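In what follows, a structure is listed as structure tokens, so that the remarks can point back to it.
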Amino acid sequence: MNLLYANDTPGQYPTSWYAATATKHAAYPPLQGDTKADVCVVGGGYTGLSAALHLAEAGYDVVLLDAQRVGFGASGRNGGQLGSGQRVEQDGLEKMLGQEHATKLWEMGQEAKALVKSLIEKHEIDCHLKPGVAWTGSTASDVRHLHDYAEHLQKNYGYDEIEVLDHAALQSVCPSPDYKGGVLDMGAAHLHPLNYALGLASAAAAARRMSGRRRTRRERDTVPRGAWARGAGTRGTGVRGADIRPTLGELEPSTGESHARFRHGRLPSPRLCERRHAHTDDRRARVGGEH
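Shown next as structure tokens:
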């Protein structure tokens with residue numbers, strides 16, 4: 001028994017505030033039949049959706065498969081905090097790895113925040129993005145630690161989007177009698193995690209449709225017939241696929257072609273897939289389809 005999913009109904013989002021307030025969307029139809037693509041992305045969480053989106057924008061023909069629904073797992077039911085830095089605080093990383101590597105990890109975190117914000121803006125994803133995350137202390141020592149850490153980020157990383165809060169300032173943010181002070185990181189943010197996943201899926205589907213139109217024109221004008229299937233030309237060359245049998249979600253190594261091949265029927269555009277039924281033996285979810 002997988003305790004993470006033990007109470008879930010296959011193909012249905014678990015009951016939550018996020019699911020109840022999610023953007024209205026049609027379920028993507030399951031994969032049936034054979035299809036080919038340059039790249040197959042397995043998993044419709046943030047990583048898979050972002051990969052599919054960026055690949056499609058770069059002109060690749062992409063298929064994304066998921067056993068359940070887009071954002072069904074942790075990507076659609078987390079706290080929605082777009083935080084600064086890594087899971088380990090910067091002074092801890094400095095002790096573990098040294099200043100140089102700690103700085104690189106900080107910069108990666110900053111770039112990740114910027115990427116998420118830019119994707120939301122570019123694709124007009126309605127995920128209730130709101131700036132600011134407060135960190136609170138319930139004891140005097142907690143508050144000192146948070147204030148010292150904010151000063152450390154300001155001094156050593158030039159991070160000026162974080163401010164210290166005394167008791168009165170924090171009470172104006174959250175009037176809990178337990179909180180004695182803290183910090184407010186306005187460079188961090190909060191968002192609706194499931195809507196963000198759904199927005200990425202819609203953007204990936206749209207990018208794939210646009211890429212398909214560009215590819216059709218380019219193929220008709222400049223590419224010999226059948227070249228894409230053989231992996232000739234610039235696109236598809238060197239991209240080794242996998243033979244995907246959706247029945248149990250198994251991946252079996254491909255022995256030849258440059259494109260990923262999917263059995264059990266042909267996927268209609270735009271190739272994002274979800275499994276929606278608990279008793280489908282030959283289905284995989286698809287992300288794509290018209291909304």
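First residue of the sequence shown? That's 1 in the working numbering, and the numbers climb one at a time after it. Even for Gly, the Cβ is constructed at its ideal location relative to N, Cα and C. Nothing here was measured: the structure is a model prediction, and the numbers come from that model.
> Would Ala20 pass as a contact of Arg69 if the rule is Cβ separation under 8 Å?
Replying inline: Result no, Cβ atoms of Ala20 and Arg69 do not sit closer than 8 Å.
>> Quick check on His192: buried or exposed, where buried means 16 or more other Cβ atoms within 10 Å of its Cβ?
In response: His192 should be labelled buried.
> Looking only at its own chain, which residues have a Cβ that is under 6 Å from the Cβ of Tyr60, when we skip the five neighbours before and after it?
Replying inline: Asp38, Val39
>> Does Val88 come out as helix, strand or coil in the three-state DSSP assignment?
In response: coil
>> If I measure Cβ to Cβ from His152 and keep anything under 8 Å in the same chain, skipping five residues before and after, which residues do I get?
In response: Gln90, Asp91
>> List, from N- to C-terminal side, the beta strand (DSSP E) runs of 3 residues or more that fit wholly inside the stretch 22 to 90.
In response: 35 to 37, 39 to 42, 62 to 66
> Touch check for the stretch 109 to 128 and the stretch 186 to 202: three-plus C-beta pairs under 8 Å?
Replying inline: yes
>> Restricting to Cα atoms, I'd like to know which of Gln81, Leu97, Tyr18, Pro30 is closest to Ala134.
In response: Gln81
> What residue range is occupied by the uninterrupted alpha helix (DSSP H) comprising Asp185?
Replying inline: Looking at the DSSP string, Asp185 is not in any alpha helix (DSSP H); the run it does join, the beta strand (DSSP E), is 181 to 190.
> Can the beta-carbon of Ala204 be found closer than 8 Å to that of Leu64?
Replying inline: yes
> Can you tell me whether DSSP reads Pro193 as helix, strand or coil?
Replying inline: helix
> Around the C-beta of Cys127, are 16 or more other C-beta atoms found within 10 angstroms, so that it is buried, or is it exposed?
Replying inline: Around the beta-carbon of Cys127, 16 or more other beta-carbon atoms lie within 10 Å, marking it buried.
> Can you tell me whether DSSP reads Ile162 as helix, strand or coil?
Replying inline: strand
> Whose C-beta lies closer than 6 Å to the C-beta of Gly181 among residues of the same chain, with five residues either side of it excluded?
Replying inline: Gly137, Val143, Leu165, Asp166, His167, Leu170
> Using DSSP with H/G/I as helix, E/B as strand and the rest coil, what is Ala6?
Replying inline: coil
> What residues in its chain sit with their C-beta under 8 Å from that of His145, if we drop five residues either side in the sequence?
Replying inline: Correct list, in chain order: Gly137.
>> With a threshold of 8 Å between beta carbons, is Pro30 in contact with chain B?
In response: No chain B is part of this structure, which consists of one protein chain only.
> Got a sec? Which residues, its chain only, sit under 8 Å from His147 by beta carbon, not counting five neighbours each side?
Replying inline: Val164, Gly181, Val183
>> With a threshold of 6 Å on Cβ separation, who are the neighbours of Gly71 within its own chain once the five nearest residues in sequence on each side are excluded?
In response: Leu194, Ala197
>> Quick check on Thr103: does DSSP put it in helix, strand or coil?
In response: helix
>> Could you give the first and the last residue of the continuous alpha helix (DSSP H) run that contains Tyr157?
In response: 140 to 157
> Helix, strand or coil: how does DSSP classify Gly137 here?
Replying inline: strand
>> Tell me the DSSP secondary structure of Gly199 in three-state form.
In response: helix
>> Quick test of your reading: Ala201 and Ala56, contact by CB under 8 Å. State the CB separation rounded to the nearest angstrom.
In response: With 8 Å as the limit, Ala201 and Ala56 do not qualify as a contact, their Cβ atoms being about 11 Å apart.
>> Taking 7 Å as the limit between beta carbons, can you name the residues of its chain near Leu93, skipping five residues before and five after?
In response: Taken in chain order, the residues that qualify are Gln86, Ala102, Leu105.
> Taking the alpha carbon of Asp66 as the point to measure from, which residue in Leu53, Gly45, Ala58, Asn2 has its own alpha carbon closest?
Replying inline: Gly45
> Would you report the Cα separation of Arg209 and Gly43, rounded to the nearest angstrom?
Replying inline: 20 Å
>> Applying the 10 Å Cβ sphere with the 16-neighbour rule, what's the burial state of Leu49?
In response: Buried: at least 16 other Cβ atoms inside 10 Å.
> By DSSP, does Gly11 sit in helix, in strand, or in coil?
Replying inline: Under the three-state reduction of DSSP output, Gly11 falls in the coil class, being neither helix nor strand.
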